[in-house]
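Step one of this worksheet: look at the structure below.
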Amino acid sequence: MDLIINGLYDHFKNNSWDLIKNILFVILIPFANIKMSKSLGKLLSKDGDIDLGWPVIILVITIIAVQILQSMNNVNNIRQSGLVANKFNERAIKNTLYRELPKNNAEIKVANDMFNINQLWSFNSKFFVSLKDDLIQFVVFYIFAIYTYFNIDKKIGYALLGFAVLTYILIKRSINKCKESGSKRDEQVAKFRSATDDVLANVKFIKLNNKEEESYDKLIESARKVPKYKFENVHCRTKYTNYLNILFIFFVVFIIYLIKKEKKANKIEKGDIVVIFFILSTLIGYRNRLSNFQSLLAENSGTVERLKWALEDHETKQQVKDIIKFEKIDNLEFDKVKLSKKQRTPIEFKATLGEIVCVVGDNGSGLYNMTGLLTGTNKPYSGRILINGQEYKPEQIFEISGILLQDPDLFNKTIKENLFLNSKIDEKNLEAKLKEANLLINYKNLLKKNKGKIGKRGSKLPMASRRLIELMRIVVKDPDFIILDNPFEFFDTDMQEKIKNLIIRWKNKNKIVFLLERNFYNFTSCDYVVNISRYSI
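Using the numbering used here, the letters of the sequence shown map in sequence onto residues 659 to 1195.
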């Protein structure tokens, strides 16, 4: 009772119209039953010819439509809030740390990502209020619905009562369990927010004062103070959502049985169908909210953990200075490499200067993670990947490698600024290099169409233009070791031919090129073909 009273007060305080609408809704539902509306008609007229059934049915269906739209909007808000987390998958986070970017920019990006996750978690607490209001509406509705059916058939009334009690217990336990884990999470979020505020302060200082050298160590130090997350009971709704699904299925079967039985006995009324429809739509709404939000919790917790891993695994500036960087690359070797436990035969080969290695594989074969393996960010299940006979880290090959990703890593700057980033080259030399690679016309066409900033991660440009900018960035950098992840995707036939010629040109300039492709026939001029679906060469 306290739950209902407090919930009604909170609901009225936050949104009085919603409360009035819900009260009208649950009061009018019983009168949607034809029998009860006729009984009411007898009280309102001597002849008893007033039938309120259809007007009430139309009103109830209208309110149901409003409720469904409102639920869809709530789910959409939850999904929108999760977009921040969904953008930062494991590969993107790891790639941030070894891309051809100034190291302070990489740290700034990770710090900002962490702040966005912090904002996301602060939203999650609002969902508990929403569930509480839903539970109140659920309880009040079933009181009227059960009363209605006890007047028609006591068996149906008892069945509906039992179903309502079980559903209430499941939802109530789910809320309590999540509150329990939520209180622990709130303590972590408070520490997390305090630590990320320090990180953001250092980021802002760098942006305002341009004192990169002076502030870099402070940024790293503050980032390392962000506490580790240990999320408990993240899947607090999983068990109860599954129980609710099973209960829901049984109830649907039960309702179908009753409808057939009542039709034979000519007892079914139009109002009964309206009530049944509302019960089903309400349960679907609860089930979708619980399952969607539970999935969002799991995804976000994983994202935070990966961000933490990225920071913990990254060296400080002084440690980076101590690492011996490769000035050139002579060979890259796969030494008895296994990508997974299931792989029986290890991959063994050595690619030398002027050779092209094509790595092909189906979806789910591990092609997605090959970029991280080649750059040293990820480790194979067993074996070693060596450059010049040595194991290596991303920082060691930073200056001699170039990568074309499926999802390009661009900044909200102009096209020129993205190309000049971390490259000691002027515009004259840039155009000379692009002309040599037969990309100068494409470059000028891009500049004509896009004179301003290209948006976060190049969002204002189509995917083909984004990938073209990243490809041109490799041409400008002119590295010795090149990784191309599905280089022909999103490009037209003419551009694909240019890329093929560019790969051959790199081969002739004694560069090692790794081509990651799902379709071997896109490019067949390979010195080695590694089929990771079959683990063969």
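Each residue gets a CB set at the ideal place from its N, CA and C atoms; glycine is no exception.
- Between residue 984 and the set 1180, 1139, 1163 and 1165, the nearest pair of CA atoms involves 1139.
- Collapsing the DSSP output to three states places residue 1031 in a helix.
- Assignment of beta-bridge partners to residue 1186 by DSSP yields 1015.
- Residue 1035 has its alpha-carbon roughly 30 Å from the corresponding atom of residue 1156.
- The three-state reading of DSSP puts residue 1001 in coil, since its state is none of H, G, I, E or B.
- When 1086, 1031, 1041 and 1055 are compared, the shortest CA-CA separation from residue 999 is found for 1041.
- Straight-line spacing of the CA atoms in residue 1170 and residue 1164 works out to 8 Å.
- Closest option to residue 1154, judged by alpha-carbon separation, among 991, 1129 and 1136: 1129.
- Contact check for residue 1119 and residue 1108: beta-carbon distance about 6 Å, within the 8 Å limit, so the pair qualifies.
- Distances from the CA of residue 1152 to each of 1179, 1100, 1132 and 1177 were compared; the closest alpha carbon is that of 1100.
- Residue 1147 sits away from residue 1016, with the two beta carbons spaced by 8 Å or more.
- A Cβ-Cβ distance of about 5 Å is found for the pair residue 1141 and residue 1032, placing them in contact under the 8 Å criterion.
- Per DSSP, reduced to three states, the secondary structure at residue 1154 is helical.
- Per DSSP, the unbroken alpha helix (DSSP H) holding residue 1094 starts and ends at 1085-1094.
- Under the DSSP assignment, residue 1043 falls in the beta strand (DSSP E) whose first and last residues are 1040-1045.
- Between the alpha carbons of residue 1005 and residue 823 lies a distance of about 59 Å.
- The Cβ-Cβ distance between residue 990 and residue 1009 falls below 8 Å.
- At the C-beta level, residue 1088 and residue 1076 stay beyond 8 Å of one another.
- Within the same chain, Cβ atoms closer than 8 Å to the Cβ of residue 1111 are found at 1070, 1071, 1072 and 1118, the five residues on either side in sequence being excluded.
- Using a 10 angstroms sphere on the CB of residue 1013, the tally of other CB atoms reaches 16 or more, which defines it as buried.
- Of the candidates 1058, 993, 1094 and 1085, the residue whose Cα lies closest to the Cα of residue 1047 is 993.
- Taking all protein chains in view, the Cβ of residue 1084 is surrounded by fewer than 16 other Cβ atoms within 10 Å, so the residue is classified as exposed.
- As DSSP reads the structure, residue 1174 sits in a beta bridge with 1017 and 1143.
- Residue pairing by DSSP places residue 1009 opposite 990 in a beta bridge.
- Here the alpha carbons of residue 1020 and residue 1086 stand approximately 42 Å from one another.
- A direct Cα-to-Cα measurement between residue 1090 and residue 1127 gives close to 16 Å.
- Rounded to the nearest angstrom, the gap between the Cα atoms of residue 1050 and residue 988 is 14 Å.
- Residue pairing of residue 1048 in beta bridges, as defined by DSSP: 1045.
- Residues of the same chain with a CB within less than 7 Å of the CB of residue 1045, apart from the 5 flanking positions on each side, are 984, 987, 990 and 1055 in chain order.
- Per DSSP, residue 1099 is one residue of the alpha helix (DSSP H) stretching across 1098-1107.
- Pairing residue 1001 with residue 1007, the inter-Cα distance amounts to about 16 Å.
- Residues of the same chain with a CB within less than 8 Å of the CB of residue 1184, apart from the 5 flanking positions on each side, are 1014, 1015, 1016 and 1173 in chain order.
- Of the residues assessed, residue 1182 falls on the exposed side of the cut-off, its CB having fewer than 16 other CB atoms within 10 angstroms.
- CA-CA distance, residue 1161 to residue 1003, rounds to 30 Å.
- Exclusion of the five residues before and after residue 1038 leaves 995, 996, 997 and 1031 as the residues of its chain whose Cβ lies within less than 8 Å of its Cβ.
- The DSSP-derived three-state label of residue 1112 is coil.
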